[in-house]
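Protein chains in written order, with the working numbering: chain A, 64 to 397; chain B, -9 to 280.
Built from N, CA and C at the ideal position, the CB exists for glycine as well.
Owing to the predicted nature of the structure, the values given are computational and were not obtained by experimental measurement.
Remarks on the structure that follows.
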């Protein structure tokens, strides 16, 4: 008797899940089509994809586990410099650089996370921010490795079975990677691991008592997030064929905190939506004196005050209300 | 190290100390770090510089308006943002942190949009004056800054000892719940603490940007420096932020002098990690005899 509604419920969850996956795939393909051969649009799409990967990287440690680490500009830069170094100093294929960059930034994130494991909130934010600053002066200072203020230029493009990928194809590939990572992160959010992660933010003691080590959990997602962010930096660098200390600044981290807030923290796609909005506001829409960033800042404040669920959360509420209204009318007619 | 460098240590130290004093006031009243204080100081300095350079306002009027705007920004932050968000989330640390970072960003961008995104050069308050101490020359602006720092710290110290709200602020700072239970106006004291912090950093921003210039992105670094100064000094007394500011300024001047400029950021990171690990409450801690 009771099995039937349960099955139905599971079925509907599954279909909602596949609807989400298919819907976002359609949107991704639409963005690929929109970018097309237009160079400016390609730049926007590439920037959006990089921001989205950065925001997705921060999503697990920050939005799910509640650890605000601000060292992400360093991780993105590591991904970029890894591509630069592999392309100019070795003959290895570029995907090796993505892997190396991801491993290096994950290792760094775990070390930094271990060093700051007792800190939380303001102190954690400050120390990780200082780390980001120190890393930036390292990039300027270690001229032999990073090329100093000039950075690394003339990076060769990605080759695929012997043929070079043109920029348009590469950006399409990047957008598809964003989609794959988005699906993966959103599934992690709904997995038992993700539930443990979210509980460790709200009631760490209970999660510890259930036999899950909270510090190890945090270090894991810090590492994974850093790896995702560094992938973003690597892809961006490959497409632009150059990387310097000014490519990924500390400022970027601030944008990255706000992306999921604006889009909606309830789902990993909120981070992606936020990234798209940031690119639209700060680069595409220039009403007056570069005021896009101001509009973005005000929008974040408004979201914090009025719509803590972000845009996706708000839209979801609206959809539920509509569905409820529809059911109510049907019920009344019957 | 030349004696002239010590003048700049004192000068930067006084500035960091003033920003840290702002942090200290908010920390006592509301138990969190208002990172937006750095941008408030920037906004105050930039407003005055812009009014003087582009609109031809006299210095006194522009400075008063700049400081007032910083205080208004601080009050608005508390009333319109921190308080509602606190009420909704039950006073968690992370939501307030996000809120003040959002304010930081918005104020920075507002300043950039209103006043332009280039560096505004400073204009000394006492351009003709300088003090020759024999071994070192102190310029007029440094004299003003040091004097204002001493006056501000003494004023806040007296205020916290003598005045009604100052004493309530100390009570709230040492035990919020007990203060609330005793019927003290905790919310109003919080607001006063925010406003006073806004005034102090507004003044600090004026005086420092008159010396070093100011751009819309200056506030970010100022916020971090003030925070570090407070972490080093601790919250044991009103004067602790000044001590922390002077020590931080000393480190920031000595390290590049002896080890090269790139080492500064490494040194700051190392100092921060050391302090967080070994003396999380700073050098000057209030000890209670039991």
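Within chain A, no residue has its beta carbon less than 9 Å from that of residue 18 of chain B; the closest one is some 15 Å off. For residue 34 of chain B, the enclosing alpha helix (DSSP H) starts and ends at 27 to 45. Around the beta carbon of residue 154 of chain B, a 10 Å sphere encloses fewer than 16 other beta carbons of the protein chains shown; the residue is thus reported as exposed. Contact of residue 357 of chain A with chain B is assigned, a C-beta pair being separated by under 9 Å. When secondary structure is reduced to three states using DSSP, residue 226 of chain A falls in the strand class. When Cβ-Cβ separations below 9 Å define contact, residue 99 of chain B makes contact with chain A. The region 143 to 163 of chain B and the region 233 to 251 of chain B do not touch, with fewer than 3 CB-CB distances between them shorter than 8 Å. Taking a Cβ-Cβ threshold of 9 Å, none of the residues of chain B is close to residue 341 of chain A; the smallest such distance is about 12 Å. In terms of Cα proximity to residue 176 of chain A, the closest of A:342, A:95, A:354, A:125 is A:125.
Proximity of chain B to residue 354 of chain A at the Cβ level (cut-off 7 Å) is accounted for by 103, in chain order. When Cβ-Cβ separations below 9 Å define contact, residue 217 of chain B makes contact with chain A. Near chain B, meaning a CB-to-CB distance below 9 Å, the residues of the region 310 to 321 of chain A are 313, 314, 317, 318, 320, 321. Around residue 194 of chain A, the same chain offers 134, 137, 175 as residues with beta carbons nearer than 7 Å, after the five sequence neighbours per side are excluded.
For residue 118 of chain B, the closest C-alpha among the options B:124, B:199, B:132 is that of B:132.
Excluding residues up to 5 positions away in sequence, 104, 108 lie with their Cβ nearer than 8 Å to the Cβ of residue 97 of chain A in the same chain.
Chain B has no Cβ within less than 9 Å of the Cβ of residue 171 of chain A. For residue 91 of chain B, the closest Cβ of chain A is nearer than 9 Å.
Using a Cβ-Cβ distance cut-off of 8 Å, the region 189 to 205 of chain B and the region 102 to 115 of chain B are in contact, since at least three pairs of beta carbons, one from each stretch, lie closer than that value.
Bounds of any beta strand (DSSP E) do not take in residue 265 of chain A; it lies within the alpha helix (DSSP H) bounded by 255 to 265.
In terms of CA proximity to residue 84 of chain B, A:185 leads the group A:324, A:185, A:150. In the structure shown, the three-state DSSP call for residue 120 of chain B is strand. Counting only Cβ-Cβ distances below 8 Å, residue 238 of chain A has no contacts in chain B at all, with the closest Cβ about 27 Å away.
Per the Cβ contact rule, the region 209 to 224 of chain A is in contact with the region 144 to 153 of chain A (3 or more Cβ pairs under 8 Å).
Closest in C-alpha terms to residue 92 of chain B, from the list A:322, A:178, A:129, comes A:322.
Look at residue 275 of chain A here: in three-state DSSP terms it is coil, with no helix or strand label. Annotation for residue 198 of chain A: 137 place their beta carbon closer than 6 Å to its own, counting only its chain and skipping 5 residues before and after.
Contact check for residue 146 of chain A against residue 297 of chain A passes: the beta carbons are separated by less than 9 Å. In the same chain as residue 61 of chain B, and ignoring 5 residues on each side of it, the C-beta atoms closer than 7 Å to its own belong to 185, 188, 189, 192, in chain order.
Your pair residue 228 of chain B and residue 143 of chain B checks out as a contact, with CB atoms roughly 6 Å apart and the cut at 8 Å. The count of Cβ pairs closer than 8 Å, one atom from the region 68 to 76 of chain B and one from the region 353 to 363 of chain A, stays below three, leaving the stretches out of contact. Closest by C-alpha distance to residue 325 of chain A, out of A:130, A:362, A:306, A:344, is A:362.
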